[in-house]
Ligand SMILES: [Zn+2]
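Numbering (the numbering used here), first residue to last: 41 to 436.
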């Protein structure tokens, strides 16, 4: 692996910064570094570009996408169950290849500077482990550049579909890192049985959990409270993520603060897509309470949604718009959601711009975080695990 020096970059504070990369790690980072005297060290002159840490996608579905494929004409009904049934029908008819789909989208994420990524992968009694096998192959192909976590996700629910629990068990034995789950009240319709099954399986594998919680209002709060009881009873503090958590945005402030304090004590992290069409968890209250709130795209161009690009700066812009972040210093919070908060929520180790961290570096044409987000600044160079994957704006 080559040694790499990045010269003449600027940090988020505007100050000069230079980076030495050795063996996939940041060996040194300082305003100025001595010039390497050997010919083996590759030199990059950043010419004043803004240095960001590798971007973090905390929640996507690589297996579902039609990215790079013919346009999918969406004529689906509006209920959650319509979308679940529609997708299952479309897959059976189209012969969708989760391996090829996930590889195309994974590469596009890398080219846009995402170096750490958590993807949910559908596990159900019709697809079996086919999607998991496809995404595992993608993870292998991109392994030396993209750090990918796989969540075994029962998109169709668990309790009503015999065999799903055994498939999830197999998935975790076969290489999935995290157990996913879905709406214990609204989909499984028996939250106690649903959550007991989820935590028992997570406990068996010693793995973290990532819950899709779309349930609104009191229903969602009830599910969260049942989860908190089980996290404490099983000692799973710091191993649970709740994605969406729309219900938290519906509570009056004092009640939200009380629940957020309990989530902080239990080490629960939240992930939001900042959707314009839904109520979202309160960003500033989460930060005050010490609950990590990270950003994710969720599905990108699939049978669920025509929207999305594999660009975490665009997601940061969506976060800025949804939470009405206007000042430049406020937009640094949006960047934090797709960098440090994502690494914290998903437990990506050795993250950040410091000596010893994994060498995941993004250089963009912008003067600060706000401009990088609002203009979705061109990625001038991307370094992933020490490998240059974008050079002078061109994917290599
Ligand atoms: Zn999702």
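Here a beta-carbon is modelled for each residue, glycine too, at the ideal position from N, C-alpha and C. Predicted model, so just to flag it, every value in this text is computed and none were measured.
From the listed residues 385, 278 and 97, the smallest Cα separation to residue 351 is found for 97. For residue 122, the shortest separation between its Cβ and any heavy atom of ligand 1 does not lie below 6 Å.
By the neighbour-count criterion, in which a residue is buried when 16 or more other Cβ atoms sit within 10 angstroms of its Cβ, residue 127 is buried.
Inter-residue distance for residue 220 and residue 79 is about 48 Å (C-alpha atoms, whole angstroms).
With contact defined as three or more Cβ pairs closer than 8 Å, the segment 282–293 and the segment 315–334 are in contact. Scanning the segment 170–222 from its first residue to its last, the whole alpha helix (DSSP H) runs of 4-plus residues come out as 170–182 and 204–214.
According to the DSSP secondary-structure assignment, residue 93 is paired through a beta bridge with 401. A direct Cα-Cα distance of roughly 5 Å separates residue 334 from residue 311. Restricted to the segment 107–151, the alpha helix (DSSP H) segments that are unbroken, complete and at least 4 residues in length are 120–134 and 138–151, listed in chain order. In the three-state reduction of the DSSP assignment, residue 368 falls in the helix class, which pools H, G and I. Secondary structure of residue 44 (DSSP, three-state): strand. If you check the C-beta of residue 338 against ligand 1, you find a heavy atom less than 6 Å away. Counting only runs of 3+ residues, the beta strand (DSSP E) found wholly inside the segment 287–365 occupies 309–312 and 333–335, in chain order. Residue nearest to residue 410 within the set 353, 434, 394 and 73 is 353 (criterion: CA-CA distance). Cβ atoms of residue 94 and residue 153 come within 8 Å of each other, at about 7 Å. Its Cα nearest to that of residue 406, the residue 416 stands out among 416, 56, 202 and 263. By the beta-carbon neighbour count (other beta carbons within 10 angstroms, threshold 16), residue 344 is buried. Within the same chain, 188 come within 6 Å of residue 179 by CB-CB distance, once the 5 residues on both sides are set aside. Per DSSP, residue 427 lies in no alpha helix (DSSP H); the unbroken beta strand (DSSP E) holding it starts and ends at 427–431.
Residue 165 counts as exposed, since fewer than 16 other C-beta atoms from the protein chains shown sit within 10 angstroms of its C-beta.
Of all alpha-carbon atoms in 401, 196 and 121, the one lying nearest the alpha-carbon of residue 151 is that of 401.
The DSSP-derived three-state label of residue 242 is helix. According to the DSSP secondary-structure assignment, residue 157 is paired through a beta bridge with 97 and 188. Counting other Cβ atoms within 10 Å of its Cβ, residue 45 reaches 16 or more and is therefore classed as buried.
For residue 227, the secondary structure class from DSSP, reduced to helix, strand or coil, is coil. Straight-line measurement puts the Cα of residue 142 at about 14 Å from the Cα of residue 337. Shortest Cα-Cα distance from residue 328 to any of 57, 303, 346 and 268 involves 303.
The criterion of a C-beta distance shorter than 7 Å is satisfied by residue 263 and residue 255. Of all C-beta pairs linking the segment 114–131 to the segment 355–371, fewer than three are shorter than 8 Å, placing the two stretches out of contact.
For the options 140, 307 and 74, the alpha carbon positioned closest to that of residue 330 is the one of 307. Per DSSP, the unbroken beta strand (DSSP E) holding residue 251 starts and ends at 249–253.
For residue 411, the enclosing alpha helix (DSSP H) has its first and last residue at 409–414. DSSP places residue 87 in the coil class of the three-state scheme, outside both helix and strand. When C-alpha distances from residue 122 are compared across 171, 196 and 398, the shortest belongs to 196.
Where residue 263 is concerned, there is no enclosing beta strand (DSSP E), although the alpha helix (DSSP H) around it starts and stops at 257–274.
At a Cβ-Cβ threshold of 7 Å, residue 212 and residue 160 do not count as neighbours.
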